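Chains as they are written, first to last, in the numbering used here: chain A, 413 to 675; chain B, 131 to 393. Okay, structure first, notes after.
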C-alpha cells in the first residue's frame with residue numbers, strides 16, 4: 413500500500429519519516445503543555461525552549477562548542493587508545509586472558525565516581541571532561557577490535573600458516589582488515605558515550621560546557637534553558653552519530669555488501 | 131617403490147597432551163610424485179589431522195612425515211591448501227585473493243612488487259583454466275559458491291605448489307556444480323605438474339578423480355585398505371555409469387561400513 417502510494421505521489425515517505433515523527437513529537441508536546449497548563453518550571457513547551465535558545469544564544473553557542481570540543485578530543489583519544497589496545501589484546505591469547513577481567517572491572521566502575529579523582533589530579537575544567545569522555549568511549553572500541561581479531565576463520569589461518577606466514581603476516585593481511593568493520597561499527601556507540609562522559613564531568617566540575625550551563629540554569633530554576641541545553645546535546649549527538657555512520661559505510665562498504673550478498 | 135613426494139610412516143598424533151584424544155595411530159601413507167590420491171573414511175577418522183600433518187601445521191609425536199625428501203618440522207610452503215569453506219577475503223578482489231599466497235611465501239614475496247605483471251598473468255591463466263576468465267576484478271561476494279571454490283583452487287595453485295591438499299573442497303556444492311568442478315580439478319591435475327591429495331566423504335568423487343584411494347579406519351585413524359584405480363585418463367563423467375566403476379564404489383562402501391562397525 414505504502415509502496416503504491418510512493419509511486420503515485422512521488423513522495424518518499426520513508427525519507428521524510430524522521431522529520432515527520434520529530435515534528436510530531438514537538439507538536440504533541442506543545443499541545444500537551446498548553447492543554448494541561450503545565451508550568452514552565454516543570455515542563456517548558458517547545459516554544460518556550462526556542463525562546464530560551466534565542467534569548468541565550470551567545471552563551472549557548474559558547475558552551476555547545478566547548479562540549480563538542482571536549483567530547484571530540486576525548487573520543488579521538490579513545491579511538492587511538494582503543495584501537496591500539498584492541499590490537500594488542502587480539503594479538504595474543506595470553507594478553508587477552510590477562511587484561512580482559514581488568515577491563516571488565518574497570519568498565520563496571522561508574523565514570524561519575526572517577527570524576528572527583530580526575531579533579532584532584534587535574535583541577536576542574538576541560539581536562540577532566542576530556543578524560544571522562546575518553547574513559548567511557550574507550551571500552552566498546554577495544555572490545556570490538558579484539559573481537560574482530562579473535563574471530564578469524566581457522567581455515568584462513570591454516571592456509572596462510574601452511575605457506576609459512578608469521579603472526580605479523582596474518583595480522584596485517586587478515587586480522588586488521590577483518591576487524592575494521594567492527595572498529596568502525598563501534599565508533600557510533602563510542603561517540604554517543606563520549607557525550608555522556610563529557611557532560612557528566614562538566615556537570616560536576618567545570619565552568620563551561622553544556623553540562624555546566626544546565627547545572628547553573630537548574631539552580632536558577634531556568635528550566636527552559638536546561639531544556640535548550642538538552643536540545644543542543646541531542647543535535648550534537650545526532651550530527652556526530654551521522655558522521656560516524658557515514659565514515660563506517662565509506663571505509664568498510666565491503667562488509668555491508670558482502671552481508672547483503674549472503675542474505 | 132617409486133619417487134615418493136609424501137611419505138608418512140608409523141605416525142601417532144595425540145591432541146591435548148598425555149591422555150588426550152589419539153587422532154591417528156600407526157598411520158602409513160605414501161603418495162608418488164604426480165599422483166592423485168584420495169583419502170576416504172568414516173567421519174572422525176583423522177582426515178583433517180592428515181592434512182595438518184602433511185602441511186606441517188602439526189608435528190607428530192611419533193613416526194615421521196617426509197614431504198619432498200624433507201622431514202617435516204615446520205610449515206612447508208611447497209603445499210597449497212583448499213577447504214570446504216572457500217575463505218576468500220571479502221575486502222579483496224578475486225584476483226587479489228588469488229595473489230595472497232605470493233605475499234606470504236618467502237620465495238615470492240620479495241619478487242612480487244617488481245614482477246607483478248608476470249604473477250597477474252599467471253593468475254589470469256589459472257582463472258581461465260577453472261572457467262573464471264574475466265572475473266578477477268569481481269569481489270568474492272559477487273561470485274556464487276561454486277565460483278568462489280574455483281577461485282579458491284586458483285589461490286591454492288598460484289605459488290606453483292608441488293603438492294595440493296584438498297579437504298572436502300566440493301562438500302558444500304550442489305550436485306551439478308560438484309560434477310563441473312570434478313572436471314576442473316581433473317584438468318588442473320592433467321595440465322599442472324602437481325601432486326594432489328583429496329580428503330573426501332564422497333566415494334564416487336574419490337574413484338572418479340584418484341589414481342589411488344586410501345580407506346581409513348575410525349578413530350584412531352590408520353589406513354585399512356589401499357586401492358589402485360586404473361581407469362584410463364582422461365576420464366569422462368560417463369565413466370560413473372560403467373559397471374566396473376560402480377563395483378569399485380561398492381567395494382569401498384563395504385570397507386567403510388566395516389570400519390564403522392568396528393568403531
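From the three backbone atoms N, C-alpha and C, an ideal C-beta is built for every residue, glycine too. As the structure is a prediction and not an experimental result, all values here were calculated from the model.
Bridge partners - residue i, DSSP secondary structure assignment
i: residue 331/B; result: Residue 331/B pairs with nothing; no bridge assigned.
i: residue 142/B; result: 192/B
i: residue 211/B; result: 295/B
i: residue 167/B; result: 327/B and 342/B
i: residue 394/B; result: With chain B represented from 131 up to 393, any question about residue 394/B goes unanswered, as that position is not in the structure.
i: residue 134/B; result: 162/B
Own chain, CB closer than 7 Å to residue i, minus 5 neighbours either side, in chain order
i: residue 143/B; result: 153, 154, 179, 183, 188, 190 and 191
i: residue 416/A; result: Per-residue confidence for residue 416/A stands at a pLDDT of 46, beneath the threshold of 50, marking its modelled position as unreliable; the derived number appears in the next sentence. Result list for residue 416/A: empty, nothing under 7 Å.
i: residue 288/B; result: 228, 229, 231, 232, 252, 253 and 256
i: residue 602/A; result: 487, 490, 549, 552 and 553
i: residue 131/B; result: Because residue 131/B carries a pLDDT of 45, less than 50, the predicted location of this residue cannot be relied on, and no value is offered for it.
i: residue 220/B; result: 269, 270 and 271
i: residue 668/A; result: 661
i: residue 418/A; result: Per-residue confidence for residue 418/A stands at a pLDDT of 46, beneath the threshold of 50, marking its modelled position as unreliable; no derived number is given.
i: residue 676/A; result: This structure does not reach residue 676/A, given that chain A is present from 413 up to 675, and the question cannot be answered.
i: residue 608/A; result: 548
Cβ-based neighbour list, residue i, same chain, cut-off 8 Å, excluding 5 preceding and 5 following
i: residue 643/A; result: 461 and 465
i: residue 413/A; result: Unreliable positioning characterises residue 413/A in this predicted model, as indicated by a pLDDT of 43, which lies under 50. A coordinate reading is not provided.
i: residue 301/B; result: 214, 330, 331 and 332
i: residue 600/A; result: 653, 656, 657 and 660
i: residue 675/A; result: Here residue 675/A scores only 40 on pLDDT, less than 50, and its place in the model should not be relied on; the value that follows carries that caveat. Contacts found: none.
i: residue 431/A; result: none
i: residue 579/A; result: 503
i: residue 236/B; result: 207
i: residue 624/A; result: 475, 614, 615 and 618
i: residue 422/A; result: none
Same chain only: Cβ atoms within 6 Å of residue i, ignoring 5 sequence neighbours per side
i: residue 613/A; result: 527, 540, 541 and 544
i: residue 282/B; result: 212 and 216
i: residue 230/B; result: none
i: residue 326/B; result: 166, 294 and 319
i: residue 149/B; result: none
i: residue 554/A; result: 494, 497 and 498
i: residue 384/B; result: none
i: residue 645/A; result: 622
i: residue 347/B; result: 354 and 389
i: residue 80/B; result: Because residue 80/B is not part of the residues shown, which for chain B are 131 to 393, the question remains open.
i: residue 629/A; result: 637 and 638
i: residue 210/B; result: 286, 287, 291 and 294
i: residue 314/B; result: 260
Delimiting residues of the beta strand (DSSP E) encompassing residue i
i: residue 155/B; result: 151-162
i: residue 356/B; result: 353-358
Residue i CB to nearest heavy atom of the ligand NAD below 7 Å
i: residue 172/B; result: Absence of the ligand NAD from the depicted structure is noted, as is the absence of any ligand whatsoever, leaving it without description.
Host alpha helix (DSSP H) of residue i (start-end)
i: residue 651/A; result: 635-663
i: residue 470/A; result: 469-503
i: residue 622/A; result: 622-631
i: residue 612/A; result: 588-616
i: residue 278/B; result: 275-287
i: residue 185/B; result: Run containing residue 185/B: none; DSSP gives neither H nor E here.
i: residue 580/A; result: 579-582
i: residue 556/A; result: 538-562
i: residue 245/B; result: Taken as a continuous stretch (DSSP letters only), residue 245/B belongs to no alpha helix (DSSP H), as it is neither H nor E.
i: residue 531/A; result: 527-534
i: residue 306/B; result: 305-321
Which residues, taken in chain order from the region 546-578 of chain A, show a beta carbon closer than 8 Å to some beta carbon of chain B?
565, 567, 568, 570, 571, 572, 573, 574, 575, 576 and 577
Please determine if the region 468-479 of chain A and the region 635-652 of chain A are in contact, where contact requires at least 3 C-beta pairs separated by less than 8 Å.
yes
When you check each C-beta in the region 233-264 of chain B against every C-beta of chain A, which residues fall closer than 7 Å?
Cβ contacts with chain A: 233, 234, 235 and 236.
Output, in sequence order along the chain, the residues in the region 210-232 of chain B whose CB is closer than 7 Å to any CB in chain A.
211, 213, 215, 217, 219, 220, 221, 230 and 231
Tell me, please, whether the region 620-639 of chain A touches the region 512-524 of chain A by the rule of three or more beta-carbon pairs shorter than 8 Å.
no
How about the region 342-362 of chain B and the region 373-382 of chain B: do they share at least three Cβ pairs that are nearer than 8 Å?
yes
Answer yes if the region 584-594 of chain A comes into contact with the region 545-563 of chain A, meaning at least three C-beta pairs across the two stretches below 8 Å, and no otherwise.
yes
Would you call the region 222-239 of chain B and the region 271-285 of chain B in contact, with 3 or more CB pairs under 8 Å?
These segments touch.
Counting pairs of Cβ atoms below 8 Å between the region 575-587 of chain A and the region 198-207 of chain B, do you hit three or more?
yes
Can you list, in chain order, the residues of the region 650-668 of chain A whose Cβ is nearer than 9 Å to any Cβ on chain B?
664, 666 and 667
Between the region 183-194 of chain B and chain A, which residues of the former have a C-beta closer than 8 Å to a C-beta of the latter?
185, 186 and 187
Output needed in chain order: residues of the region 573-607 of chain A with a Cβ under 7 Å from some Cβ in chain B.
573, 574, 575, 576, 577, 581, 585, 586 and 589
Stretch pair the region 336-347 of chain B + the region 359-373 of chain B: three plus CB contacts closer than 8 Å
yes
May I ask you to list, following chain order, the residues of the region 294-305 of chain B that have a beta carbon less than 7 Å from some beta carbon of chain A?
none
Any residues in the region 166-180 of chain B with a beta carbon nearer than 9 Å to a beta carbon of chain A? Which ones, in chain order?
So nothing in the stretch comes that close.
Could you name the residues of the region 267-282 of chain B whose beta carbon sits closer than 8 Å to any beta carbon of chain A, in the order they occur along the chain?
The region 267-282 of chain B vs chain A, Cβ under 8 Å: 269, 270, 271 and 272.
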